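If you read the protein sequences in the order shown, they are chains L and C.
Sequential numbering of the first sequence, starting at 15, is according to our numbering.
Sequential numbering of the second sequence, starting at 15, is according to our numbering.
No residue lacks a Cβ here, since even glycine has one placed at the ideal position from N, Cα and C.
Predicted model only: the values in this text are computed from it and were never measured.
Number of protein chains: 2
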Amino acid sequence: MNLNDRKLKILRAIIKSYIQEGEAIGSRTISKKYDLGISPATVRNEMADLEELGYLIQPHTSAGRIPTDKAYRLYVNGLLKNTESVKNNAQIKKILQQEINEMNNFIRNSAKILSQITKYTSFAMSAQLKECKLKHIQLVPVSDHKLLMVLVTENSDIKNVLFTLNKPIEIEQLNRISNLLTDKLSGIELKKLDEGLYHKILQEIYGIRETFDDRLEEMMVLLMNTIHNYEKVDLYYDGLTNILNYPEYSDTSKAKELLSFVEDKDLFKKVLMNSDGDDLSILIGNENQFEQIKKCSIVSATYKVNGVIIGKIGLIGPTRMDYKNVISMIKGLSYNINKIISENYMDLARSEFNEQKKEE
Amino acid sequence: MNLNDRKLKILRAIIKSYIQEGEAIGSRTISKKYDLGISPATVRNEMADLEELGYLIQPHTSAGRIPTDKAYRLYVNGLLKNTESVKNNAQIKKILQQEINEMNNFIRNSAKILSQITKYTSFAMSAQLKECKLKHIQLVPVSDHKLLMVLVTENSDIKNVLFTLNKPIEIEQLNRISNLLTDKLSGIELKKLDEGLYHKILQEIYGIRETFDDRLEEMMVLLMNTIHNYEKVDLYYDGLTNILNYPEYSDTSKAKELLSFVEDKDLFKKVLMNSDGDDLSILIGNENQFEQIKKCSIVSATYKVNGVIIGKIGLIGPTRMDYKNVISMIKGLSYNINKIISENYMDLARSEFNEQKKEE
DNA sequence: GTTAGCACTCGTTTAAAGAGAGTGCTAACA
DNA sequence: TGTTAGCACTCTCTTTAAACGAGTGCTAAC
Numbered sequence: 015m016n017l018n019d020r021k022l023k024i025l026r027a028i029i030k031s032y033i034q035e036g037e038a039i040g041s042r043t044i045s046k047k048y049d050l051g052i053s054p055a056t057v058r059n060e061m062a063d064l065e066e067l068g069y070l071i072q073p074h075t076s077a078g079r080i081p082t083d084k085a086y087r088l089y090v091n092g093l094l095k096n097t098e099s100v101k102n103n104a105q106i107k108k109i110l111q112q113e114i115n116e117m118n119n120f121i122r123n124s125a126k127i128l129s130q131i132t133k134y135t136s137f138a139m140s141a142q143l144k145e146c147k148l149k150h151i152q153l154v155p156v157s158d159h160k161l162l163m164v165l166v167t168e169n170s171d172i173k174n175v176l177f178t179l180n181k182p183i184e185i186e187q188l189n190r191i192s193n194l195l196t197d198k199l200s201g202i203e204l205k206k207l208d209e210g211l212y213h214k215i216l217q218e219i220y221g222i223r224e225t226f227d228d229r230l231e232e233m234m235v236l237l238m239n240t241i242h243n244y245e246k247v248d249l250y251y252d253g254l255t256n257i258l259n260y261p262e263y264s265d266t267s268k269a270k271e272l273l274s275f276v277e278d279k280d281l282f283k284k285v286l287m288n289s290d291g292d293d294l295s296i297l298i299g300n301e302n303q304f305e306q307i308k309k310c311s312i313v314s315a316t317y318k319v320n321g322v323i324i325g326k327i328g329l330i331g332p333t334r335m336d337y338k339n340v341i342s343m344i345k346g347l348s349y350n351i352n353k354i355i356s357e358n359y360m361d362l363a364r365s366e367f368n369e370q371k372k373e374e
Numbered sequence: 015m016n017l018n019d020r021k022l023k024i025l026r027a028i029i030k031s032y033i034q035e036g037e038a039i040g041s042r043t044i045s046k047k048y049d050l051g052i053s054p055a056t057v058r059n060e061m062a063d064l065e066e067l068g069y070l071i072q073p074h075t076s077a078g079r080i081p082t083d084k085a086y087r088l089y090v091n092g093l094l095k096n097t098e099s100v101k102n103n104a105q106i107k108k109i110l111q112q113e114i115n116e117m118n119n120f121i122r123n124s125a126k127i128l129s130q131i132t133k134y135t136s137f138a139m140s141a142q143l144k145e146c147k148l149k150h151i152q153l154v155p156v157s158d159h160k161l162l163m164v165l166v167t168e169n170s171d172i173k174n175v176l177f178t179l180n181k182p183i184e185i186e187q188l189n190r191i192s193n194l195l196t197d198k199l200s201g202i203e204l205k206k207l208d209e210g211l212y213h214k215i216l217q218e219i220y221g222i223r224e225t226f227d228d229r230l231e232e233m234m235v236l237l238m239n240t241i242h243n244y245e246k247v248d249l250y251y252d253g254l255t256n257i258l259n260y261p262e263y264s265d266t267s268k269a270k271e272l273l274s275f276v277e278d279k280d281l282f283k284k285v286l287m288n289s290d291g292d293d294l295s296i297l298i299g300n301e302n303q304f305e306q307i308k309k310c311s312i313v314s315a316t317y318k319v320n321g322v323i324i325g326k327i328g329l330i331g332p333t334r335m336d337y338k339n340v341i342s343m344i345k346g347l348s349y350n351i352n353k354i355i356s357e358n359y360m361d362l363a364r365s366e367f368n369e370q371k372k373e374e
């Protein structure tokens, strides 16, 4: 038994209907609404076949049928081939108009708008520091025994790390050390900064000036430890309560199960870090690793600087998600995000910048 | 008609029962469980009086009675007089054991633990930048046209602000400007930094060195604008889904109403900023300003550095909140937070520091 | 002032009946 | 051989009615 053209048409009709209505659909409705020119009885036969093939299930005898994860996967794969991406959506254009200064805010705002448009729960995750190359290191005094290290990566990402010192240190010395660290460490991928490289760099430094700074070694050790322990990945979500709009979660205990899962950032980070690094990743129902979200789908896209993935943005919702809309939205969004990031962080021409230039 | 001793006892019994069970309570149960030595009929008479006085209401004729906001207020005021605060709670002590480097993380963790202990939704809010005095300013290059300004306040709070420049600037110059800004602006309350003071400072600077830096004025303007527009207050919450445990919110639409309200950080910030600056603030039901949370109570405490309030931490839950427990928890928590903050950020002796010292 | 007794109220639970949607199967049709 | 009408059957959801029960307010007695 094969998926002939008619079966496909019927399946698509069922999927579309279920995505919209959220209720099992019967043969009569299919043949009437989606006029395929065949009678309910014929549709019934085909539906029985589709069930046998694993694309449909019946919640109970006298109900209609609903699509399985397998059906959604087929449907989504079909959608992905005819890649349409919304580039001119008015709401997505709002994102373009944002004043973007801080990357984090920009991404968060984008996620917020995404959830508002789609009515699903959106999220945004930054990449791990380890994946990045350093560009600049600056030490800033905070109090006598507290010291802030600002790490600027080549993607123009900024990380703050606070230290506790055992004795105060003067600003001039901080600046000298900052410059030295920047000089020696810029361009190096943080994950490569292991014991070996660390000693090599220290050697180099001592090679230049025999007795430079008694605090330098302490700083280097702290820096090393920090980078090795810095697993922190920012995770942000918005529109959590959108989940409560869907009848799937009208039962509070079901809603709680899902919301608790999403609220647990560590858990949710695992989900996202395990999803592949494709530009567009779609995980449908059982394709998810964790039990609590096996009735959900997650659609996410990456955003990049210099071709390096620096984060993910996407949506989570019920498996009967409006994939068509969601995919084109997220494609359009990530296209725009990447465009804006490169305009802003690659120091290319930027409208605002050009305007200011004229006035000089 | 007055609130005599017996009425008070009965009212307290009803409140305690309702807080625990969440269900209207009748005269029979009161007289049996809380053996006050009076019959149900007598309790009934008193309950009728209490209803007339506005302390109780009946959901419907044949139901028991539940306390009104007025009753909770009376009860809470009573609790506040006999100030007990949990200082030795094992779970709160966990907070003491945290490794605290960054203030934000420390406060967030504390809020997280608070929600885990109490099973309500916790929040933590940082104070506005404007309220603080500056201690150090450091400019850090991010890219050719991006510049990071790190502001360190006297409370050792750290704020990052990103600028877009219209032409690149060298590191040496950045450091010089940083030093100058720090020199001139440290100790000044940010909200006092208005047009007048700004010009005065610029004059002073030009007085010292006639032509110092052509970029200095640009920096000052940016700084000014930033500080004036920097309304950002961090708001964090945890245990959002705890709300779903309470029968009050077993109806998804009710849950959604409340959760959406809390999720809207701007709205929730307003609530918190309007609450008084007392060490402990309790808003019960209708005492709240916004319709969406008039069936909730909010209990919050402040935390301080140098006597200046730098944030609030607290809980939101149904009006039948376990005030007794919550109050003592939050009191104990804020006591410990303040203790830890002063130990860490006032550069007083700290155990870890002392241990390190020995090894020298 | 307190309490037992009792009629009354009203939401909740339980059971039964009915409606409705949809199916699978059979037999007839093109 | 594929398609379709007809029909009995299944199962959930809704409706209706009855019984239940918790709690009250009032009255009269203690």
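Beta-carbon contacts of residue i that lie in its chain and below 8 Å, excluding the five residues immediately before and after
i	result
C/L162	L153, V154, P155, V156, N174, V175, L176, F177
C/A269	I257, L258, Y263
L/T43	S31, G78
L/N288	Q303
Reduced DSSP category for residue i - H, G, I as helix; E, B as strand; rest coil
i	result
L/L200	Correcting the residue type first, residue 200 of chain L is Ser in the shown sequence and not Leu. In this structure, L/S200 counts as coil in the three-state DSSP scheme.
L/N174	strand
L/P73	coil
L/H150	strand
L/S31	helix
L/A85	helix
L/G346	helix
L/I80	strand
L/S230	One detail in the question is off: residue 230 of chain L reads as Leu in this sequence, not Ser. It is helical.
C/S314	strand
C/I183	coil
L/L210	With the sequence shown as reference, residue 210 of chain L is identified as Gly, and Leu is not the correct amino acid for it. Here L/G210 sits in helix by DSSP.
C/G92	helix
C/D49	coil
Buried/exposed call for residue i, threshold 16 Cβ in 10 Å
i	result
L/K345	buried
L/L17	exposed
L/E231	exposed
L/D158	exposed
L/Y220	exposed
C/E373	Only weak support is given to the placement of C/E373: the predicted model assigns it a pLDDT of 37, under 50, and the value that follows is read from those uncertain coordinates. C/E373 comes out exposed.
L/L211	exposed
L/T255	buried
L/P332	buried
C/L94	exposed
L/P182	exposed
L/S53	exposed
C/D171	buried
C/S267	exposed
C/N368	With a pLDDT of 35 at C/N368, under the threshold of 50, the modelled position of that residue is not reliable, and the figure given next carries that caveat. Classification for C/N368: exposed.
Chain-order list of residues whose beta-carbon lies under 7 Å from that of residue i (same chain, five-residue window excluded)
i	result
L/L236	F177
C/K147	T167, E168, G201, I202, E203
C/I323	A141, G291, T316
C/R26	Y89
Contacting residues, own chain, Cβ-Cβ under 6 Å from residue i (five flanking each side not counted)
i	result
L/A363	With a pLDDT of 33 at L/A363, under the threshold of 50, the modelled position of this residue cannot be trusted; read the value that follows with caution. None.
C/H248	A small fix is needed here, since residue 248 of chain C is Asp in this sequence, not His. These residues qualify, in order along the chain: S140.
L/E277	none
L/S136	A125, L128, S129, D252, G253, L329
L/E1	Residue 1 of chain L lies beyond the residue range present for chain L, which begins at 15 and ends at 374; the question has no answer from this structure.
C/D83	I298, G299, N300
DSSP bridge partner residues for residue i (one or two, in chain order)
i	result
L/M139	L/L249, L/K326
L/M163	L/L153, L/V175
C/I191	Note: C/I191 sits in no beta bridge, so no partner.
C/G331	C/S311
C/I39	C/R79
L/V319	L/V322
So within the stretch 233-311 of chain L, which uninterrupted alpha helix (DSSP H) runs reach at least 4 residues, ignoring any that extend past its ends? 266-277, 279-288
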